[in-house]
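Only one structure is covered here, and it is reproduced in the block below.
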Ligand SMILES: [Zn+2]
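In our numbering, the protein residues as written are 931 to 997.
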């Protein structure tokens, strides 16, 4: 029930969505999201939280493309 998140950044994703991260942390996490599918999935999972995604996530970040 209490499985640890495999990537330490996944816990920060929620903080990003509610705008609880500082500018630097946010920038760092955004960069991380671009290369971590796990955190991106977490972001997409949490994204439906009302009204939060719009202002928290930069446009284009969620558009996944396979290499
Ligand atoms: Zn990650």
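The beta-carbon is built from N, C-alpha and C at its ideal position, and this holds for glycine as well.
The alpha helix (DSSP H) spanning residue i covers which residue range?
{"i": "residue 961", "result": "953-963"}
{"i": "residue 966", "result": "Here residue 966 belongs to no alpha helix (DSSP H), and DSSP marks it neither H nor E."}
{"i": "residue 977", "result": "Taken as a continuous stretch (DSSP letters only), residue 977 belongs to no alpha helix (DSSP H), as it is neither H nor E."}
{"i": "residue 944", "result": "940-947"}
Less than 7 Å between the CB of residue i and some heavy atom of ligand 1, yes or no?
{"i": "residue 941", "result": "no"}
Just how far apart, CA to CA, sit residue i and residue j?
{"i": "residue 955", "j": "residue 971", "result": "19 Å"}
{"i": "residue 950", "j": "residue 964", "result": "20 Å"}
Below 8 Å CB to CB, which residues in the same chain sit around residue i once its five sequence neighbours on both sides are set aside?
{"i": "residue 937", "result": "966, 968, 969"}
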